[in-house]
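First up is the structure itself, then whatever we jot down about it.
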Amino acid sequence: DGSVAGTMSDDSLDSLIESDEEEPICFGKKNSDGQLHGRGTQQWVGKGDRFEGHFCAGVKHGRGCFYFSDGSHLSGSFRDDVLEGRGIYTRDDGSQITGHYRNGELHGQSTEFGANGAITFQGQYTDGTRDGYCTAYDEYNAVIVGNVDTNGAFSGDSIFYIYPDHLHAFVGQFIDGVMMKAKSIKLDSAFSNKPPSYKIIDDNNTYRHNSSTYDCISNDPLLPDSYEQGNVFVSQSKIPGASEGLFAKTNLDEGRVVSFYNGIRLTHEEVDSREWSLNGNTISLDEDCVLDVPSRWSTVDTYRASLGHKVNHSFNPNCQYDLFNHPRFGKIKCIKTLRRVDTGEELTCCYDYNHHKPSNNTVDLPEWYLADFRKWSKN
Numbered sequence: 002d003g004s005v006a007g008t009m010s011d012d013s014l015d016s017l018i019e020s021d022e023e024e025p026i027c028f029g030k031k032n033s034d035g036q037l038h039g040r041g042t043q044q045w046v047g048k049g050d051r052f053e054g055h056f057c058a059g060v061k062h063g064r065g066c067f068y069f070s071d072g073s074h075l076s077g078s079f080r081d082d083v084l085e086g087r088g089i090y091t092r093d094d095g096s097q098i099t100g101h102y103r104n105g106e107l108h109g110q111s112t113e114f115g116a117n118g119a120i121t122f123q124g125q126y127t128d129g130t131r132d133g134y135c136t137a138y139d140e141y142n143a144v145i146v147g148n149v150d151t152n153g154a155f156s157g158d159s160i161f162y163i164y165p166d167h168l169h170a171f172v173g174q175f176i177d178g179v180m181m182k183a184k185s186i187k188l189d190s191a192f193s194n195k196p197p198s199y200k201i202i203d204d205n206n207t208y209r210h211n212s213s214t215y216d217c218i219s220n221d222p223l224l225p226d227s228y229e230q231g232n233v234f235v236s237q238s239k240i241p242g243a244s245e246g247l248f249a250k251t252n253l254d255e256g257r258v259v260s261f262y263n264g265i266r267l268t269h270e271e272v273d274s275r276e277w278s279l280n281g282n283t284i285s286l287d288e289d290c291v292l293d294v295p296s297r298w299s300t301v302d303t304y305r306a307s308l309g310h311k312v313n314h315s316f317n318p319n320c321q322y323d324l325f326n327h328p329r330f331g332k333i334k335c336i337k338t339l340r341r342v343d344t345g346e347e348l349t350c351c352y353d354y355n356h357h358k359p360s361n362n363t364v365d366l367p368e369w370y371l372a373d374f375r376k377w378s379k380n
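The sequence shown lines up with residues 2 to 380 when you count with this note's numbering.
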């Protein structure tokens with residue numbers, strides 16, 4: 002959908018524990034009226050949910066935890082049957098929302114973490130909805146930051162998208178996390194979860210979300226990506242038989258996203274039915290889509306909005322392909338370093354055709370690839 006906002010959203014307690022009026026089965030200490038009093042458990046058999054914690058005269062009061070049938074759980078302090086104060090909601094994959102709850106809903110400062118423990122969101126909630134100045138991080142360490150709208154979405158005229166280096170960025174109008182019109186900027190210092198100060202890099206051009214189609218690679222094919230331009234440059238490849246290649250403009254640390262691979266969007270069936278000579282700049286995006294940079298856009302004279310298609314193959318690569326959600330191009334592939342790459346070094350990726358190492362009698366692969374594999378396998 003083009004949104005580059007964080008995907009981890011809040012879950013109100015009401016929606017999580019809605020029991021469709023199912024009466025829970027109760028276990029634990031009870032008072033003379035038969036109400037849970039002290040340590041106890043409520044279980045909703047139909048839903049597969051349960052609550053374990055402290056009760057006072059039949060209502061949740063004190064520390065406790067909801068365990069939900071989807072594998073998630075919500076822990077915190079309860080008062081008069083509702084979560085009040087600090088609470089932690091943990092999904093089955095280990096991702097978390099930690100924050101302050103009021104009347105069972107997030108209300109106040111909150112921090113969210115992905116399954117790997119990395120921060121995915123920091124900001125305020127009001128009655129269960131994101132509010133005010135918020136920051137969302139994606140899995141590539143890119144950031145979208147600014148004041149959210151009444152629905153908790155990154156919408157407004159001063160929203161920032163900040164690249165993984167936390168220096169290059171866009172600022173401008175976003176709607177629901179989608180970049181509508183923005184300027185290319187560079188922050189005065191690395192982003193630190195405060196409203197950034199910056200300088201405009203390119204005041205002559207406006208950047209916007211413009212996902213490619215089956216016949217249009219970009220509405221602005223000659224408008225380069227400032228973040229990518231700071232990392233790499235195109236020059237004659239040093240690999241025998243190759244034409245142009247992509248090179249490091251500066252020292253690139255391990256695990257850094259350095260370039261982007263955009264292209265027109267074709268189906269696997271369309272690509273598989275063609276001659277190999279037409280597939281020199283294709284890469285599988287997902288099970289439905291292949292990105293292709295046709296010959297008419299293969300040079301920087303006709304297309305330089307992204308440069309990832311210039312990376313050549315190696316069975317001993319220094320980079321790899323990965324997914325990336327780009328503010329201009331949407332869901333594409335990126336090139337990410339596998340190790341430190343020094344200034345002037347050529348970037349390479351393993352093309353890994355057909356997602357397996359070819360054998361000597363494989364016939365549906367280009368000859369240069371098979372020859373390279375035979376040479377590599379002897380070493």
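Ideal placement from N, C-alpha and C gives every residue a C-beta, glycine not left out.
Bridge partners of residue i, per DSSP?
i	result
V342	L253
S78	R64
W45	D50
H314	C350
C320	T338
S285	V291
V83	R80
R384	The question about residue 384 has no answer here: the residues shown for the chain are numbered 2 through 380.
F325	I333
F69	Its beta-bridge partners do not exist; DSSP assigns none.
Alpha carbon to alpha carbon, what distance is there between residue j and residue i?
i	j	result
N152	K30	43 Å
D132	F155	10 Å
S378	Y370	12 Å
K184	D158	11 Å
R40	F56	6 Å
D289	T121	28 Å
Y228	N380	37 Å
P359	F316	The predicted model places P359 with a pLDDT of 45, which falls under 50 and marks its position as unreliable, so this point remains unresolved.
H101	Q110	6 Å
S33	T127	40 Å
V46	E24	9 Å
Q174	L107	27 Å
Q398	T91	This structure leaves residue 398 out entirely; the chain is present only between 2 and 380.
T243	L366	The amino acid occupying residue 243 in the given sequence is Ala; Thr does not appear at that position. If I take the Cα positions, the gap works out to 17 Å.
L279	S285	15 Å
Q321	N232	15 Å
T130	T136	14 Å
L224	C351	28 Å
G314	D373	Reading off the sequence, residue 314 comes out as His, not Gly. Spanning the two alpha carbons is a distance of roughly 9 Å.
L188	S274	46 Å
E368	W277	10 Å
I218	K182	19 Å
W298	S213	13 Å
V259	G65	46 Å
Y141	N211	20 Å
Q86	R80	Inspection of the sequence shows that residue 86 is occupied by Gly rather than by Gln. Spanning the two alpha carbons is a distance of roughly 9 Å.
V312	A119	29 Å
I201	S193	19 Å
G309	L247	8 Å
D254	C335	15 Å
Y304	H74	49 Å
H357	N263	Confidence at H357 is low in this model, with a pLDDT of 43, below 50, so its placement is unreliable and the value that follows should be read with caution. Each residue's alpha carbon lies about 24 Å from the other.
Q44	E270	50 Å
Q123	T112	5 Å
V272	P241	26 Å
Taking residue i as the reference, give the member of the options with the closest Cα.
i	options	result
K337	G256, S212 and G39	G256
P318	L339, K332 and K334	L339
A143	N326, S238, D373 and Y352	N326
P295	L168, L188 and D216	D216
V172	D166, D203, K332 and E276	D203
G331	N148, R64 and R209	R209
V179	L168, S193, D166 and I145	I145
G59	L84, E346, C27 and F69	C27
A1	D177, I201 and I163	A query on residue 1 cannot be resolved here, the shown segment of the chain reaching from 2 to 380 and no further.
G345	K239, L37 and G95	K239
I186	N194, Y199 and V272	Y199
R329	K48, P222 and V291	P222
L348	I333, E245, K376 and A306	E245
D353	L37, Q230, T283 and R341	T283
I160	N148, D166, G63 and Q125	N148
T453	G35, G54, Q36 and K48	Because residue 453 is not part of the residues shown, which for the chain are 2 to 380, the question remains open.
Hey, residue i and residue j are a contact pair by Cβ (cut 8 Å); roughly how many whole angstroms apart?
i	j	result
F67	D50	7 Å
G88	G72	Wrong, their Cβ atoms sit about 18 Å apart, outside the cutoff.
N252	D343	6 Å
L267	D293	5 Å
V83	G105	4 Å
K250	F234	5 Å
D177	S4	6 Å
With hydrogens ignored, establish whether the beta-carbon of residue i is closer than 7 Å to any heavy atom of the ligand FAD.
i	result
T300	This structure does not include the ligand FAD; it has no bound ligands of any sort.
Quick check on the DSSP output: what are the complete alpha helix (DSSP H) runs of length 4 or more inside the region 100–176, in order along the chain? none
What are the complete beta strand (DSSP E) segments, minimum 3 residues, inside the region 174–222? 179–188 and 199–208
Starting from the N-terminal side, write out each stretch of the beta strand (DSSP E) that is 3 residues or longer and does not extend beyond the region 235–283. 245–249, 258–262 and 265–267
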